[in-house]
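In mature numbering (1 follows the signal peptide of the UniProt record, and there is no 0), the protein residues as written are -20 to -1, 1 to 527.
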């Protein structure tokens, strides 16, 4: 190749030719260190075209090779590794080194004039991607710096929280990029910033590599402290299965303590049992329970809202007591008392036969309803009295059967007044009385053997007729009442024959009458008439009377 022409081509490369379309594709072009690269030419060349390839690292332009009149000349520094395809002008470089990165230019002079430039990046493989934090544990609200370093060239760094990309907002989260590293700075750290392992991925145009996961502990809390149940009932049953539990989001786990009316409860933890409350003598009166949570790392402390309740013993051992003396209607007083051996009574309800008992001039309640005075008792008080004791956690009831002596009241006898000889008779005497009356029966003034309230006569006789007297006597009051009842026993009366019997009698009579008439006429025909005799040949001759 003519030296003068080569120098001319190189000169054109140094000043550039701004004519027509660029013969080279747009860049950059990436290639791997130690590999080969071919830079293609986009336009079709003619064998008469002269070509010059050059290289610039940004500071100076260095010729690589030139082509003219069918001859290729390669500069000494590129001999053995730079090759030109004279048919198309393609430049091939072998055994790429990092120094081969830069701008490559081509100038074409001949049947056409063109020049172009393309950037080549020789990439060092990505390796040794490592995250180095400035701390291994931190607290919410503080600042953390994570430095990701890697080997390689033209590196780009990507941070992810698990698989989710970390967004650099330029405010709370920022980054500083260097050639071989990237620093991620997180201010006002949140627990969610490190909820998953952190990864750093370093990549260039041809390769990428991910770091090992980084786990960084973020201490936080305690957050809002809550008590469960948040709204317990106003009254809790003593010895019931009831607990208060305290919780708060915290890392590490918070330490809990309890307060009753702002006084520390000893030996408390996350759970405060009803057993502990009662053993400490708490809960007998209504009070406020609060929970305090402390984080040993953040040293933060936080209190819960208060819950309020009291502990009440359930009622047991209920007893309804009544009078022990005999009660007589109209002149005796009865006191009924309803008490429980355990538990606080907060309401007492009295009932008779399942109907509420109301105060009246003769029924008086005590101030706390535990005592009822009935003065005087009446026969209507022979009922079941019930008292029901209640408190917010339980209710119990008891009954008492009151017996009031009275009577007998007016007596009466039920039964028929007339009876025939074949019908049985039951006479029943009744007279209201407590205790039940003792009965004595008399017939026409004479006492009979029956001692119950009934007289039963299976087959009455005429002598069972008369006046029956029932005497009813109350053995406790000594009072006796009587009642009279008249009974008549009569003979059975035939009410007549049936229609069939009458018909039979009529027919029999008619037959008898017919028979009698027939016999009469027959006999008359056989007896001669008076004064006549029968002669020969049937003639009748007169017969003379001997008188």
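Using N, Cα and C, we set each Cβ at its ideal position, and we do this for glycine too.
Just measuring C-alpha positions, the residue of 198, 317, 155 and 402 sitting nearest residue 169 is 198. Between the stretch 110 to 127 and the stretch 80 to 90, the count of C-beta pairs closer than 8 Å stays below three; the two stretches do not touch. Annotated as distal: residue 313 and residue 256, with beta-carbon spacing of 8 Å or more. Residue 416 holds the alpha-carbon nearest to the alpha-carbon of residue 457 among 437, 445 and 416. Rounded to whole angstroms, the gap between the alpha carbons of residue 243 and residue 115 is 40 Å. Between the stretch 23 to 33 and the stretch 42 to 57, the count of C-beta pairs closer than 8 Å reaches three or more; the two stretches touch. Of all C-beta pairs linking the stretch 444 to 452 to the stretch 416 to 434, three or more are shorter than 8 Å, placing the two stretches in contact. In this structure, DSSP gives residue 79 a helical state, which the three-state scheme calls helix.
The beta carbon of residue 159 sits closer than 6 Å to none of the beta carbons in its chain outside the five residues before and after it. Every beta strand (DSSP E) of 3 residues or more that sits fully in the stretch 333 to 363 is shown, in chain order, as 343 to 345 and 351 to 354.
In the three-state reduction of the DSSP assignment, residue 171 falls in the helix class, which pools H, G and I. By the C-beta density criterion, residue 37 is exposed, having fewer than 16 other C-beta atoms within 10 angstroms.
With a beta-carbon spacing of about 19 Å, residue 188 and residue 163 fall beyond the 8 Å limit used to define contacts. DSSP assignment within the stretch 33 to 73 yields the following whole beta strand (DSSP E) runs of 3 residues or more, N-terminal first: 41 to 48, 51 to 54, 62 to 64 and 71 to 73.
Three or more Cβ pairs closer than 8 Å define a contact, and the stretch 289 to 309 falls short of that threshold against the stretch 128 to 147. Looking at the backbone, the Cα of residue 342 and that of residue 414 are separated by about 21 Å.
The Cβ-Cβ distance between residue 387 and residue 408 does not fall below 8 Å. Under the 8 Å Cβ criterion, the stretch 375 to 382 does not count as touching the stretch 399 to 406, having fewer than three qualifying pairs. Residue 194 and residue 274 have their C-alpha atoms roughly 28 Å apart.
Looking at the backbone, the Cα of residue 360 and that of residue 322 are separated by about 33 Å. Taking 8 Å as the upper bound for CB-CB distance, residue 289 and residue 212 are in contact here, some 5 Å apart.
Inclusion of residue 9 and residue 68 in the CB contact set at 8 Å is not warranted, their separation being larger than that value. In the DSSP annotation of this structure, residue 163 is not part of any alpha helix (DSSP H); the continuous beta strand (DSSP E) holding it starts and ends at 161 to 166. Around the beta-carbon of residue 254, 16 or more other beta-carbon atoms lie within 10 Å, marking it buried. With respect to the C-alpha of residue 277, the residue from 176, 154 and 202 having the closest C-alpha is 202. Residue 80 sits buried, since 16 or more C-beta atoms from the chains shown fall within 10 Å of its C-beta. Listed as beta-bridge partners of residue 280 by DSSP are no residues whatsoever. As summarised for the stretch 360 to 400, the continuous beta strand (DSSP E) elements at least 3 residues long and confined to that stretch are 364 to 371, 374 to 381, 392 to 394 and 398 to 400, given in chain order. Annotation for residue 389: 411, 412, 413 and 461 place their beta carbon closer than 8 Å to its own, counting only its chain and skipping 5 residues before and after. Non-local C-beta neighbours of residue 444 in its own chain, meaning closer than 6 Å and more than five positions away in sequence, comprise 437 and 469, ordered along the chain.
Among the bridge pairs identified by DSSP, residue 154 is matched with 165. Nearest in C-alpha terms to residue 392, of all of 425, 433 and 82, is 433.
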